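Novice: Here it is, the structure in full.
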Amino acid sequence: MKTLTKVLLTSVTVALLAVKWNAPTFNAEILRGARVLVTGASTGIGEQMAYHFAKFGSQIVITARREQVLHQVAEKCLSMGAQKAVYIAADMSSDSDPDRVVDFALDQLGGLDYLVLNHIGSSPFSMWEGDTQHLGWLMKVNFLSYAQMAWKALPSLEQSKGSLVVVSSILGKMTSPFVAAYTSTKFALNGFFGVLSHELAMKSSNVTITTCTLGLIDTDSAMEKVKDISHVPAYPASEAALKIIMAGAARERELFYPWYTYIMTLIKDFFPATRDYIIQKSYNYSP
Ligand SMILES: NC(=O)c1ccc[n+]([C@@H]2O[C@H](COP(=O)([O-])OP(=O)(O)OC[C@H]3O[C@@H](n4cnc5c(N)ncnc54)[C@H](OP(=O)(O)O)[C@@H]3O)[C@@H](O)[C@H]2O)c1
Ligand SMILES: *[C@@H]1O[C@H](CO)[C@@H](O)[C@H](O)[C@H]1NC(C)=O
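Here is the structure:
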């Protein structure tokens, strides 16, 4: 009976997917002139998001630590059609930089329509060895700064009926070995912004939160980490970036990209022992 229920649930799930996977309504026009702040935009998915916003004619503030790289990305954004593209170098492990970046964007753009929180600090791909110092640092970069920036930008987003976009991961929904610190920060994000989303709705807020559940994306940093260890297919950063922007503009609550992240989220608790066996066997690890 228990098994039958699970099989039925799986079938219903598959049927619902067909309905779910009709493209969301997305009107590129609403991004023309939109005031956007993208974090972690010097490389990877953040950089690609900056270029998409540029093509849509948005006004963009980008941030990351490396000023020289930001300069090049901002120049490219202008050449691609951005109405405005400025940058601010900042380190999200600092107490004050998250607020400073939001203040800079509000000052440069006169308000915000989109806050896209995307940056991550680098973290090892290896077994947990007790480095709680790194864990604390990463929580600050990947989680605390998100909470800080979101709260700081909220009054402006309320005024503009804006959107808050949080880039998370399938590792914010389920676990896998070798990424204890990273996974902790993503679970924290999903928890925090899940609560904030409820509270904004209960307060009849003008702001919507879009949480993005991404699978493996082909950015340099991700490819470098998994190169000898995992054989999961990687999806293109440019397409991931576009899907994130479309979901934010359409005010969707959640984005799943690529498609398999949705299925994994739905079925992950059906057969926990099998799930864990498959995950552990997918790595070539011997003690
Ligand atoms: N790639 C994947 O497979 C994958 C899968 C699931 C979810 N995601 C999520 O997608 C988002 C983007 O990932 P990605 O692969 O594009 O990352 P990435 O290529 O490693 O880029 C990270 C960005 O964050 C910036 N950054 C690093 N440390 C920082 C710090 N201390 N303060 C401020 N900025 C800092 C980096 O620039 P600087 O070095 O110049 O500071 C860079 O712009 C992340 O939220 C990630 O968790 C990615
Ligand atoms: C929503 O936006 C309107 C302006 O369009 C503003 O008057 C109202 O105060 C905003 N709501 C909240 C909760 O801030």
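Read left to right, the sequence shown gives residues 667 to 953 (the working numbering).
Built from N, CA and C at the ideal position, the CB exists for glycine as well.
Small disclaimer: the values here were computed from a predicted structure and weren't measured.
#1: Would you kindly check if the distance between the Cβ of residue 857 and the Cβ of residue 927 is under 9 Å?
#2: Can you tell me whether residue 839 is buried or exposed, with buried defined as 16 or more other CB within 10 angstroms of its CB?
#3: Are at least three pairs of beta-carbons, each pair with one atom in the stretch 697-709 and one in the stretch 669-681, less than 8 Å apart?
#4: Is residue 920 helix, strand or coil by DSSP?
#5: Please state whether DSSP places residue 751 in a helix, a strand or coil.
#6: Check whether the Cβ of residue 818 lies closer than 8 Å to any heavy atom of ligand 1, and answer yes or no.
#7: Which residues count as close to ligand 2 when the rule is a CB under 7 Å from any of its heavy atoms, in chain order?
#8: Using beta carbons (cut-off 9 Å, strictly below), is residue 721 in contact with chain B?
#9: Using CA atoms only, rank isn't needed, just tell me which of 913, 807, 877 is closest to residue 764.
#10: Would you please state the rounded distance, in angstroms, between the beta carbons of residue 908 and residue 718? I believe it to be under 8 Å.
#11: Grab me the residues of residue 844's own chain with a C-beta within less than 7 Å of its C-beta, minus the 5 sequence neighbours each way, in chain order.
#12: Is residue 890 buried or exposed, if buried means 16 or more other CB atoms sit within 10 Å of its CB?
#13: Could you tell me whether the Cβ atoms of residue 720 and residue 743 are closer together than 9 Å?
#14: Unbroken alpha helix (DSSP H) runs of length 4 or more, entirely within the stretch 882-907: which are they?
#15: Tell me, which residues are paired with residue 728 by DSSP?
#16: Skipping 5 residues on each side, what residues in its chain have a beta carbon closer than 8 Å to that of residue 829?
#17: Is the distance from the Cβ of residue 834 to the Cβ of residue 759 below 9 Å?
#18: Would you kindly work out how many angstroms separate the C-alpha atoms of residue 722 and residue 925, rounded to a whole number?
#19: Among the candidates 896, 942, 933, whose CA atom is the shortest distance from the CA of residue 672?
#20: Between which two residues does the alpha helix (DSSP H) holding residue 926 run?
#21: Starting from the Cα of residue 921, find the closest Cα among 748, 948, 879 and give me that residue.
#22: Along the beta strand (DSSP E) that carries residue 877, what are the first and last residues, could you check?
#23: Taking only the alpha-carbon atoms, compute the straight-line gap between residue 850 and residue 805 and give it to the nearest angstrom.
#24: Go ahead and label residue 818 buried or exposed: buried means 16 or more other beta carbons lie within 10 angstroms of its beta carbon, across all protein chains shown.
#25: Give a yes or no on whether the C-beta atoms belonging to residue 739 and residue 775 are separated by under 9 Å.
#26: How is residue 678 classed by DSSP in three states: helix, strand or coil?
#27: Going straight from the alpha carbon of residue 854 to that of residue 848, what length do you get?
#28: Going along the chain, which residues of its own chain have a beta-carbon closer than 6 Å to the beta-carbon of residue 901, five neighbours each way excluded?
Specialist: Working from what's here:
#1: Here residue 927 corresponds to residue number 261 of the sequence shown, with the count starting at 1. Here residue 857 corresponds to residue number 191 of the sequence shown, with the count starting at 1. Their beta carbons are not under 9 Å apart, which means residue 927 does not touch residue 857 by this criterion.
#2: Here residue 839 corresponds to residue number 173 of the sequence shown, with the count starting at 1. Buried.
#3: no
#4: For the purposes of this step, residue 920 is taken as residue 254 along the sequence shown, with counting starting at 1. Strand.
#5: Against the sequence shown, residue 751 aligns to sequence position 85. DSSP places residue 751 in strand when its eight states are reduced to three.
#6: As a first step, residue 818 must be located in the sequence shown, where it is residue number 152. No, since every heavy atom of ligand 1 falls outside the 8 Å radius drawn around the Cβ of residue 818.
#7: 824, 825, 827, 869, 870, 871, 872
#8: Given the protein chain composition of this structure (a single chain), no chain B is represented.
#9: Here residue 764 refers to the residue found at position 98 when the sequence shown is read from its first residue. That would be 807, whose Cα lies nearest to the Cα of residue 764.
#10: In the sequence shown, counting from the first residue as 1, residue 908 sits at position 242. In the sequence shown, counting from the first residue as 1, residue 718 sits at position 52. Going by Cβ atoms, the distance from residue 908 to residue 718 rounds to 5 Å, so yes, they are a contact pair.
#11: The residue you call residue 844 lines up with position 178 of the sequence shown. Excluding residues within five positions, the ones whose Cβ falls inside 7 Å are 791, 792, 793.
#12: For this step, residue 890 is matched to residue 224 along the sequence shown. Looking at its Cβ environment, which holds fewer than 16 other Cβ atoms inside 10 Å, residue 890 is exposed.
#13: Numbered from 1 along the sequence shown, position 54 holds the residue referred to as residue 720. Numbered from 1 along the sequence shown, position 77 holds the residue referred to as residue 743. It is a contact, given that the beta carbons lie within the stated cut-off.
#14: 886-892
#15: The residue you call residue 728 lines up with position 62 of the sequence shown. Answer is 704, 753, bridged to residue 728.
#16: Mapped onto the sequence shown, residue 829 falls at position 163. Here the set comprises 779, 780, 781, 823, 873, 874, 875, 876, 914, 915, 917.
#17: As a position in the sequence shown, residue 834 is number 168, starting the count at 1. As a position in the sequence shown, residue 759 is number 93, starting the count at 1. No.
#18: Locating residue 722 in the sequence shown gives position 56, where the first residue counts as 1. Locating residue 925 in the sequence shown gives position 259, where the first residue counts as 1. Rounded to whole angstroms, residue 722 to residue 925 spans 25 Å at the Cα level.
#19: If you number the sequence shown from 1, residue 672 lands on position 6. The shortest C-alpha separation from residue 672 is found at 933.
#20: Your numbering for residue 926 matches position 260 in the sequence shown. Start and end: 926-933.
#21: Within the sequence shown, the letter at position 255 stands for residue 921. Nearest C-alpha to residue 921: 879.
#22: In the sequence shown, residue 877 corresponds to position 211, counting from 1. Segment 874-880, the beta strand (DSSP E) holding residue 877.
#23: Translated into positions along the sequence shown, residue 850 becomes position 184. Translated into positions along the sequence shown, residue 805 becomes position 139. Whole-angstrom Cα-Cα distance: 8 Å.
#24: On the sequence shown, residue 818 is found 152 positions in, with the first residue counted as 1. With 16 or more other Cβ atoms within 10 Å, it is buried.
#25: Your numbering for residue 739 matches position 73 in the sequence shown. Your numbering for residue 775 matches position 109 in the sequence shown. Contact flag unset, no.
#26: In the sequence shown, the residue the question calls residue 678 occupies position 12. Residue state, collapsed to three classes: helix.
#27: Position 188 of the sequence shown, counting from 1, holds the residue named residue 854. Position 182 of the sequence shown, counting from 1, holds the residue named residue 848. The alpha-carbon atoms of residue 854 and residue 848 are separated by roughly 10 Å.
#28: Counted from its first residue, the sequence shown places residue 901 at position 235. Only 883, 924 meet the Cβ criterion.
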